[in-house]
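First residue of the sequence shown: 2, per the numbering used here; consecutive thereafter. Yeah, the Cβ is synthetic: ideal placement off N, Cα and C, and Gly gets one too. This one's a predicted model, so the numbers in the text were calculated from it and none came from an experiment. Some notes on the structure that comes next.
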Amino acid sequence: TSAYSSPAKSLGDPGITPLSPSHIVKDSDADDAVEQLFLVVVAIDFGTTSSGYAYSFTKEPECIHVMRRWEGGDPGVSNQKTPTTILLTPERKFHSFGYAARDFYHDLDPTESKHWLYFEKFKMKLHTTGNLTMETDLTAANGKKVKALEIFAYALQFFKEQALKELSDQGGSDFENTEVRWVITVPAIWKQPAKQFMRQAAYKAGMASPENPEQLIIALEPEAASIYCRKLRLHQMIDLSNRAPVNGYSPSDTIGTGFTQGKEHVRRNRQSRTFMVENVIGEIWSELEEGDRYIVVDSGGGTVDMTVHQIRLPEGHLKELYKATGGPYGSLGVDYEFEKLLCKIFGEDFIEQFKIKRPAAWVDLMIAFESRKRAAAPDRTNPLNITLPFSFIDYYKKFRGHSVEHALRKSNVDFVKWSSQGMLRMSPDAMNALFKPTIDQIVQHLSEVFDKPEVTNVKFLFLVGGFAESPLLQQAVQSAFGSRCRVIIPQDVGLTILKGAVLFGLDPAVIKVRRSPLTYGVGVLNRFVEGKHPAEKLLVKDGTRWCTDVFDKFISADQSVALGETVTRSYTPAKPSQLVIVINIYSSEQDSVGFITEPGVKKCGTLRLDLTGTDAAVPNRREIKTLMQFGDTEIKAMAVDVATSKSVKVGIDFLNY
Numbered sequence: 002t003s004a005y006s007s008p009a010k011s012l013g014d015p016g017i018t019p020l021s022p023s024h025i026v027k028d029s030d031a032d033d034a035v036e037q038l039f040l041v042v043v044a045i046d047f048g049t050t051s052s053g054y055a056y057s058f059t060k061e062p063e064c065i066h067v068m069r070r071w072e073g074g075d076p077g078v079s080n081q082k083t084p085t086t087i088l089l090t091p092e093r094k095f096h097s098f099g100y101a102a103r104d105f106y107h108d109l110d111p112t113e114s115k116h117w118l119y120f121e122k123f124k125m126k127l128h129t130t131g132n133l134t135m136e137t138d139l140t141a142a143n144g145k146k147v148k149a150l151e152i153f154a155y156a157l158q159f160f161k162e163q164a165l166k167e168l169s170d171q172g173g174s175d176f177e178n179t180e181v182r183w184v185i186t187v188p189a190i191w192k193q194p195a196k197q198f199m200r201q202a203a204y205k206a207g208m209a210s211p212e213n214p215e216q217l218i219i220a221l222e223p224e225a226a227s228i229y230c231r232k233l234r235l236h237q238m239i240d241l242s243n244r245a246p247v248n249g250y251s252p253s254d255t256i257g258t259g260f261t262q263g264k265e266h267v268r269r270n271r272q273s274r275t276f277m278v279e280n281v282i283g284e285i286w287s288e289l290e291e292g293d294r295y296i297v298v299d300s301g302g303g304t305v306d307m308t309v310h311q312i313r314l315p316e317g318h319l320k321e322l323y324k325a326t327g328g329p330y331g332s333l334g335v336d337y338e339f340e341k342l343l344c345k346i347f348g349e350d351f352i353e354q355f356k357i358k359r360p361a362a363w364v365d366l367m368i369a370f371e372s373r374k375r376a377a378a379p380d381r382t383n384p385l386n387i388t389l390p391f392s393f394i395d396y397y398k399k400f401r402g403h404s405v406e407h408a409l410r411k412s413n414v415d416f417v418k419w420s421s422q423g424m425l426r427m428s429p430d431a432m433n434a435l436f437k438p439t440i441d442q443i444v445q446h447l448s449e450v451f452d453k454p455e456v457t458n459v460k461f462l463f464l465v466g467g468f469a470e471s472p473l474l475q476q477a478v479q480s481a482f483g484s485r486c487r488v489i490i491p492q493d494v495g496l497t498i499l500k501g502a503v504l505f506g507l508d509p510a511v512i513k514v515r516r517s518p519l520t521y522g523v524g525v526l527n528r529f530v531e532g533k534h535p536a537e538k539l540l541v542k543d544g545t546r547w548c549t550d551v552f553d554k555f556i557s558a559d560q561s562v563a564l565g566e567t568v569t570r571s572y573t574p575a576k577p578s579q580l581v582i583v584i585n586i587y588s589s590e591q592d593s594v595g596f597i598t599e600p601g602v603k604k605c606g607t608l609r610l611d612l613t614g615t616d617a618a619v620p621n622r623r624e625i626k627t628l629m630q631f632g633d634t635e636i637k638a639m640a641v642d643v644a645t646s647k648s649v650k651v652g653i654d655f656l657n658y
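Structure representation (structure tokens):
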């Protein structure tokens, strides 16, 4: 049996039983909230490695402003976004975010820095934690733990304040939070608890509130990218099928890291960059016909996410054809391989110690690696040099009693040498080998998606996200899939999601059909049928034989759901005299679920309907209607007593059960 035994037996719980026949009512416009009028939409792309925001005034939706340039920045890294790093004081108060956090932490004396709490790449924790709750911890560079919810709320609050400040500076008067609709992007492959966690963190940061949830939209990253890709004009992208990838350094032709300002219409506006999105459907889009399919591959720092969309004309609405898939195949995998290489050369014991004892120098080393990582390309012939921080060389000598140079000579790691200028010199092959495991996983996963029957006849593959800037990844995707579809890369590929998220906030109705990631249903009692129902589920109440724990399905995993669609079922109290009705909502990743006690079935909501104080003139078979409405990334449930129209509502909750 599952973690909790049969609810009906243990609590003598007021059970319900289906009124036959069960019916579904599609009712999209009932109970639509009055559209609030926001002056501006601000989208936040909260990434694993880097983050940023962009905004657009609802009065001029064709202008998307990307946040002002940040102070700080690294050599060899274009910084329209800021690193997702956060620093707390020794008293655990917020200190700084991004480059500022990194530089301040780096400049602290080692005796002091070990008391400060520095976090980076922490977003992956939401993907990798199986049983995420409001209490989940994150570990800082110095090994101390802080509640993840606090860190995420601090980060979102930082963006909220930055954006409001920039808006106020631009408008010359103070901008209120109530005038903003916020959009936060999350990977589509995240499980529901992680998506809900992001919403809770945003409430804590004061962006919206449980009373006013419409002010915040949680958007899925590849969907946002898809919306933006529809607007592309031919000069705003690179069609890999027509050319060889280069590494962005040839003056005539830019791709990869060396993107110049695309030929987009760009206005300098107090340091922020404004992109004009022409209010037309892009040329590439005009080649797509009703029913055409395309894949968006969003490759970022932590995860790679894939979505298959189909076009529905005339408005060009999007329909999701195959549920979002992907995995932790982001560019962090390359950093991880580099770390394994260092362990192989210098010893795992030393690297572990060095990270703890000299955390700021370790961050430095990874920054140096980052800029070389961006210089890797398929046809590169000259070696890549990585500067080792002085404290690395110094600490190694103390730790081992011999020099870094000696370790390299002794380590028999081919392709990595010590240069006379005190650098690690990697051959291009050695660098490419660090990319290989991650890129292989992406290609492997994409092949599996291409083999699905729903994914035949794909016309385009849009490669977006920060990792899509890598010429090695571009070449791998092009050579694996170029014969099956056209591989397209938007010009400012790292900002694609951000701009798409703004467009989504301006018009959330553009995505019309999604696939449900889970199967949902409620726990009910059915009349017990000998031979059909297992004996241990038998419950006899007032002479009636019931089968307990039955899972009554509302919607199956991977079923299409239109946005705002409502599924309705009718139930009746198992005992006519019941005065309280409790309806428990369950979810599962499995398609076919018979009982709520099966493995993998999780409780994710409870509706309590109090029937006291209602007139005696109630029909003997009282009808309780239960509705589930499938919204953007949230799901709402409601129960109504038809005789008295008493109702109760609940949001599906994956964190607190």
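Item                                                                                                                         : Value
Rounded straight-line distance, which links the Cα of Val651 to that of Val147                                               : 30 Å
Option nearest Val568 by Cα separation, candidates Phe555, Ile653 and Pro577                                                 : Phe555
Glu121, buried or exposed, once every other Cβ within 10 Å from all chains shown has been counted against 16                 : buried
Inter-stretch contact at 8 Å, needing at least 3 Cβ pairs: the segment 125 to 139 / the segment 182 to 201                   : yes
Per DSSP, the bridge partner or partners of Glu321                                                                           : His310
C-beta contact flag for Leu435 and Val335 at 7 Å                                                                             : yes
Beta-carbon gap between Val662 and Val525 smaller than 7 Å                                                                   : Limits of the chain in this structure are 2 at one end and 658 at the other, which puts residue 662 out of reach.
Within the segment 501 to 531, ranges of the beta strand (DSSP E) (whole runs, at least 3 residues)                          : 512 to 516 and 520 to 528
Span separating the alpha-carbon of Leu20 from that of Lys626                                                                : 10 Å
Span separating the alpha-carbon of Lys124 from that of Pro214                                                               : 23 Å
Interface flag, Ser412 vs chain D, CB-CB below 7 Å                                                                           : No chain D is present in this structure, which holds just one protein chain.
Environment of His266 [buried if 16+ CB atoms lie within 10 Å]                                                               : Reliability of the predicted coordinates at His266 is poor, the pLDDT of 34 falling under 50, and no value is obtained from them.
With 16 other Cβ atoms within 10 Å as the buried cut-off, status of Lys500                                                   : buried
Cβ-based neighbour list, Asp559, same chain, cut-off 6 Å, excluding 5 preceding and 5 following                              : Lys324 and Arg516
Best match in Gln354, Ile228 and Pro91 for proximity to Val511 [C-alpha to C-alpha]                                          : Ile228
First through last residue of the beta strand (DSSP E) which encompasses Gln630                                              : Ile625 to Phe631
Given Lys604 as reference, the closest of Ser593, Tyr587 and Gly595 once Cα atoms are compared                               : Tyr587
Inter-stretch contact at 8 Å, needing at least 3 Cβ pairs: the segment 462 to 480 / the segment 173 to 191                   : no
Distance, Val414 Cα to Pro194 Cα                                                                                             : 43 Å
Per-residue burial, Thr645 [other beta carbons within 10 Å of its own, 16 or more giving buried]                             : exposed
Limits of the unbroken beta strand (DSSP E) element including Leu610                                                         : Lys603 to Asp611
Straight-line Cα distance separating Ala141 from Lys398                                                                      : 27 Å
Ala542, enclosing beta strand (DSSP E) - first and last residue                                                              : Per the sequence presented here, residue 542 reads as Lys, with Ala not at that position. Run containing Lys542: Leu539 to Lys542, per the beta strand (DSSP E) assignment.
Inter-stretch contact (C-beta, 8 Å, three-pair minimum) for the segment 382 to 390 and the segment 423 to 430                : yes
Limits of the unbroken beta strand (DSSP E) element including Phe123                                                         : From DSSP, Phe123 is part of no beta strand (DSSP E); its letter is neither H nor E.
Beta-carbon contacts of Ala226 that lie in its chain and below 7 Å, excluding the five residues immediately before and after : Val297, Asp299, Phe463, Val465, Thr497, Ile498 and Gly501
Beta carbon of Ile45 nearer than 7 Å to that of Phe160                                                                       : yes
One or two residues paired with Trp419 in a DSSP bridge                                                                      : Leu425
Distance, Gln445 Cα to Leu580 Cα                                                                                             : 56 Å
Every unbroken alpha helix (DSSP H) within the segment 352 to 394, with a cutoff of 4 residues, ordered by chain             : 360 to 374
Inter-residue spacing [alpha-carbon to alpha-carbon] between Val459 and Lys542                                               : 56 Å
Option in Glu321, Gly331, Gly606 and Gln311 with minimal Cα separation from Gly303                                           : Gly331
Simplified DSSP assignment, three categories, for His116                                                                     : coil
Continuous beta strand (DSSP E) stretch holding Phe58: start and end                                                         : Ser51 to Phe58
Per DSSP, cross-strand counterpart(s) of Val651                                                                              : Ala638
Cβ-based neighbour list, Thr18, same chain, cut-off 7 Å, excluding 5 preceding and 5 following                               : Val525, Leu526, Asn527, Tyr572, Thr573 and Ala575
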